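Accompanying notes for the structure given below.
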Amino acid sequence: MPITSATHASSPALHAQLSRCQQQLADWMACPSGKTPEGQRTIASLNTQASELKHALTSTQTSTATPSANPGAVGMQVDTWA
Numbered sequence: 301m302p303i304t305s306a307t308h309a310s311s312p313a314l315h316a317q318l319s320r321c322q323q324q325l326a327d328w329m330a331c332p333s334g335k336t337p338e339g340q341r342t343i344a345s346l347n348t349q350a351s352e353l354k355h356a357l358t359s360t361q362t363s364t365a366t367p368s369a370n371p372g373a374v375g376m377q378v379d380t381w382a
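Going letter by letter, the sequence shown gives residues 301 to 382 in my numbering.
Shown next, in the form of structure tokens:
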């Protein structure tokens, strides 16, 4: 499952991807085949993917929260030569 970059994905889409990844991770960890070398590689991959999704979600939430911190400054320009 490819990770969509934070600039092209909405927060709900990232949450959905993270939820699916966490479910797969839980399934692999509970399964006896999760103890095999292949299962351990799959678990490691899913852990990495979950971390990347969490980071993308944090970045998305931070970038959408920043403009609202100073709503009057967005789109305003001041003519300093007037």
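From the three backbone atoms N, C-alpha and C, an ideal C-beta is built for every residue, glycine too. It should be emphasised that the depicted structure is a prediction, and the values quoted were computed from it without experimental measurement.
DSSP state of residue i mapped onto helix, strand, coil
i	result
S305	Only weak support exists for where S305 lies, its pLDDT of 48 falling under 50; the value from the coordinates is given anyway. The answer is coil: DSSP assigns S305 none of H, G, I, E or B.
S310	coil
C321	helix
T336	coil
A316	helix
Residue i beta carbon near the ligand ADP (any heavy atom closer than 8 Å)
i	result
L357	Of ligands this structure carries none, so the ligand ADP is not represented either.
Per-residue burial, residue i [other beta carbons within 10 Å of its own, 16 or more giving buried]
i	result
C331	exposed
Q349	buried
Q340	exposed
Pair within 9 Å by beta-carbon distance, residue i and residue j
i	j	result
Q324	L357	no
Inter-residue CB distance, residue i and residue j (contact presumed, cutoff 8 Å)
i	j	result
Q361	S311	7 Å
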